[in-house]
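Per this note's numbering, residue 314 is the first one in the sequence shown, and the count goes up by one each step.
Backbone N, C-alpha and C fix where the C-beta goes; we use that ideal spot for every residue, glycine too.
Keep in mind that this is a model prediction, so the values were computed, not measured.
Below is one structure; the comments refer to it alone.
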Amino acid sequence: MNDQREKIIIRTSITGILVNVLLAAFKAVTGLMSHSVAIVMDAVNNLSDALSSVITILGTKLAGKEPDKKHPLGYGRIEYLSAMIISVIVLYAGVSSLVESVKKIIHPEVPDYSATVLLIIAVAVVAKVILGRFVKRNGQKVKSDSLIASGSDALNDSIISASTLAAAVIYLLFHISLEAWLGAFISAVIVKSGLEMLRDTVSEILGERIDAETAQAVKHTICQVEGVHGAYDLIINNYGPNRQIGSVHIEVPDTMTACTLDRLEREITKEVFVKHHVILTGISVYSMNMHDAEAVRIETGIRNILEAYPDVLQMHGFYLDPKEKVLKFDIIISYDAQNRRQIYKEIVKKVSDAFPEYTPQVQLDFDISD
Numbered sequence: 314m315n316d317q318r319e320k321i322i323i324r325t326s327i328t329g330i331l332v333n334v335l336l337a338a339f340k341a342v343t344g345l346m347s348h349s350v351a352i353v354m355d356a357v358n359n360l361s362d363a364l365s366s367v368i369t370i371l372g373t374k375l376a377g378k379e380p381d382k383k384h385p386l387g388y389g390r391i392e393y394l395s396a397m398i399i400s401v402i403v404l405y406a407g408v409s410s411l412v413e414s415v416k417k418i419i420h421p422e423v424p425d426y427s428a429t430v431l432l433i434i435a436v437a438v439v440a441k442v443i444l445g446r447f448v449k450r451n452g453q454k455v456k457s458d459s460l461i462a463s464g465s466d467a468l469n470d471s472i473i474s475a476s477t478l479a480a481a482v483i484y485l486l487f488h489i490s491l492e493a494w495l496g497a498f499i500s501a502v503i504v505k506s507g508l509e510m511l512r513d514t515v516s517e518i519l520g521e522r523i524d525a526e527t528a529q530a531v532k533h534t535i536c537q538v539e540g541v542h543g544a545y546d547l548i549i550n551n552y553g554p555n556r557q558i559g560s561v562h563i564e565v566p567d568t569m570t571a572c573t574l575d576r577l578e579r580e581i582t583k584e585v586f587v588k589h590h591v592i593l594t595g596i597s598v599y600s601m602n603m604h605d606a607e608a609v610r611i612e613t614g615i616r617n618i619l620e621a622y623p624d625v626l627q628m629h630g631f632y633l634d635p636k637e638k639v640l641k642f643d644i645i646i647s648y649d650a651q652n653r654r655q656i657y658k659e660i661v662k663k664v665s666d667a668f669p670e671y672t673p674q675v676q677l678d679f680d681i682s683d
């Protein structure tokens, strides 16, 4: 699976390199001959795209290294670092292009278009559309952020090239030169693209929340295993494409033996890996009071208290210890709440007042997954 993914990424990137180098060469010659700063800036953009593809290949190769003692979870996150480098290159190309465009606005040059120039620009538009769709489709197929970003960038480039063609037509028809201004616009688009790529990559390196669809699907799979009454606190860490490692809390009856629990955890681990390709390295347990009317009464009372707090997203892991006279449960308070700690203190006090014979042990949990 990983070998096939690597081959697709490398083959797609090589295609991108060849196409972008050819386009950059034609545009550079055409831009210099016609004194068109917009076409020259477009050529620079193509060169940055080619360099991005080279870095994608290097990043994919390094990310495919086998785990070792120093990095036991592998090198998959190198792909995110390579994507960050690509975004910095795009930013540099955009800023450099913007500086040159401003110089041309201050000291303009009259462009000299020909039929050959217009034909090359038109061919570049078509080539970029085809390349962009090809690269982005393959990126989505193998879940490669670098390829998806490169494909989207290529599609944006086709719009830029089309704008250059439009500027040439306007000059030929009305003798109005928009070259330098269009070059500045292209540069701004490149800078914007680089900033967006950098933002997305940094977000992934920091660790993003697992998407709701995946989280709910994994929890559903866990709850389908006989004996599991709930799945909570799901954490999935991304160590690169196709390498997800996580942990979860499950709610099970307090009558369950260690032998049964062992079987249960093994079955959950297998089902989650087979269906979602997520490796669960830790499964913790919440014990449920199965045959205790007092526990049911108190849990219902606590849930009634929590209804007054719309920022409380969930309560789970409730357990009543009648011998120690302790109430245990976790609550999740929305990150949007103005004062999570204050809400937590109010809830603990109200529970203590409602059930003074018990000591509440309330865990303020994190809103990690949906």
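According to DSSP, residue pairing for Glu564 in a beta bridge involves Gly543, Tyr599.
Between Lys449 and Ile321, the gap from beta carbon to beta carbon reaches 8 angstroms or more. Taking 8 angstroms as the cut-off, the beta carbon of Leu547 is found closer than this to the beta carbon of Gly559. In terms of Cβ geometry, Ile660 and Tyr599 do not form a close pair [threshold 8 angstroms]. Minimum Cα-Cα distance from Phe586 among the listed residues Phe631, Ile563, Ala530, Tyr388 corresponds to Ala530.
Between Gly377 and Leu394, the C-beta spacing is not below 8 angstroms. Counted as a single uninterrupted DSSP element, the alpha helix (DSSP H) harbouring Ile615 occupies residues 606 to 619.
Looking at the DSSP output, Val639 sits in a beta bridge with Asp634, Thr672. One alpha carbon belongs to Lys417, the other to Leu491, and they sit about 11 angstroms apart. In the structure shown, Gly387 falls within a coil segment according to DSSP collapsed to helix, strand and coil. If you look at Tyr484, you'll find it in the alpha helix (DSSP H) that goes 458 to 487. In the three-state reduction of the DSSP assignment, Gly559 falls in the strand class, which pools E and B. In this structure Thr570 is exposed. Its beta-carbon is surrounded by fewer than 16 other beta-carbon atoms within 10 angstroms. With respect to Ile523, Ser409 sits apart: the two C-beta atoms are not nearer than 8 angstroms. Ile473 is not a Cβ neighbour of Val430, given a cutoff of 8 angstroms. Cα atoms of Val541 and Phe642: separation of roughly 17 angstroms, rounded to the nearest angstrom.
Comparing C-alpha distances from Gly407 to each of Asp470, Tyr484, Lys456, Ala396 shows the shortest one belongs to Asp470.
Taking Trp494 as reference, the option from Phe487, Ala480, Val591 with the minimal CA-CA separation is Ala480. Under the Cβ criterion (8 angstroms, minimum of three pairs), the segment 378 to 388 does not count as touching the segment 354 to 362.
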